[in-house]
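Enquirer: Positions 270 to 406 (our numbering) are the ones given, in order, by the sequence shown. Think of the CB as a built atom: it goes at the ideal place given N, C-alpha and C, for glycine as much as any other residue.
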Amino acid sequence: MPSEVSASLRRSVIERSQAKCEYCKLHQDFSIYTHEIDHVIAMKHGGRAVLENLALSCLSCNRHKGSDLTSFDPLTGDLTRLFDPRSQVWAEHFELDRGRIQGLSAIGRTTVMLLKFNTPTAVLNRQLWQQVQSDLD
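Structure follows, in C-alpha cells:
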C-alpha cells in the first residue's frame, strides 16, 4: 500500500478543492504554509492514498485532525464522527458567517471544535478572502 501521494494525484486534489482547505475553507493564497494532502481515513486505520480518500487541508486543520476519525460533540457529549469531505456536503454541516464557521450538525460542531476553525487568525483570513471575492464580483 503506497504511502506517498504522487505529484499528479496531488494536483488532482488541489484542482478539485479549488486550492481551499476542504475542512475550514482557507484558500492557499491566504496561508503562509503550503496546504497539505490529508488522508481522510488515515493509513493506520486502513485508508489508502487514492483520490477518493484524499483532501486538501491547511496546516492547522491537518495538525489538529491528525489520524482522528471522531471526537465528542461539544453540545451533547456524544462520540461523533468528524466531517468527511469525500462523502459529505460541507454546507449541510457548516455555515460561514462573517468569517466564523458555525457547526449546523453534531458532525459540524465536533469538527469545528476539534480542528479549531475559529481562531482569530483563521476568522480574519476568511474575512479577507470573502472581501477579495466580493471585490472581484
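1. Kindly indicate which residue of 283, 378, 406, 371 has the alpha-carbon position closest to the one of residue 326.
2. So, at 7 Å on beta carbons, what are the nonlocal neighbours of residue 350 in its own chain, with the 5 sequence-adjacent residues on each side left out?
3. Given this structure, state the Cα-to-Cα distance separating residue 296 from residue 286, to the nearest angstrom.
4. Just the C-alpha distance for residue 317 and residue 304, rounded to the nearest angstrom, thanks.
5. Quick one: measure Cβ to Cβ for residue 323 and residue 384, integer angstroms, because I've assumed they're closer than 8 Å.
6. In three-state terms, what does DSSP make of residue 376?
7. Could you round the C-beta distance between residue 369 and residue 343 to whole angstroms and report it? I think they count as a contact, below 8 Å.
8. Using the Cβ count rule (16 or more neighbours within 10 Å means buried), how would you classify residue 276?
9. Does the separation of the CB atoms of residue 227 and residue 314 fall below 8 Å?
10. Would you mind sorting residue 372 into buried or exposed? The rule is 16 or more other CB atoms within 10 Å of its CB.
11. Work out the CA separation of residue 398 and residue 406 for me, nearest whole Å.
Expert: For this structure:
1. Comparing Cα positions, the closest option is 283.
2. 338, 339, 376.
3. A straight-line Cα-Cα distance of about 9 Å links residue 296 and residue 286.
4. Residue 317 and residue 304: Cα-Cα distance of roughly 19 Å.
5. Rounded, the Cβ-Cβ distance is 17 Å, inconsistent with contact.
6. Residue 376: helix per DSSP, three-state reduction.
7. About 15 Å separates the two Cβ atoms, so there is no contact after all.
8. Here residue 276 is exposed: its Cβ has fewer than 16 other Cβ atoms, across all protein chains shown, within 10 Å.
9. Within the shown structure, residues of the chain are numbered from 270 to 406, placing residue 227 beyond reach of any answer.
10. Flag for residue 372 reads buried.
11. Between the alpha carbons of residue 406 and residue 398 lies a gap of roughly 13 Å.
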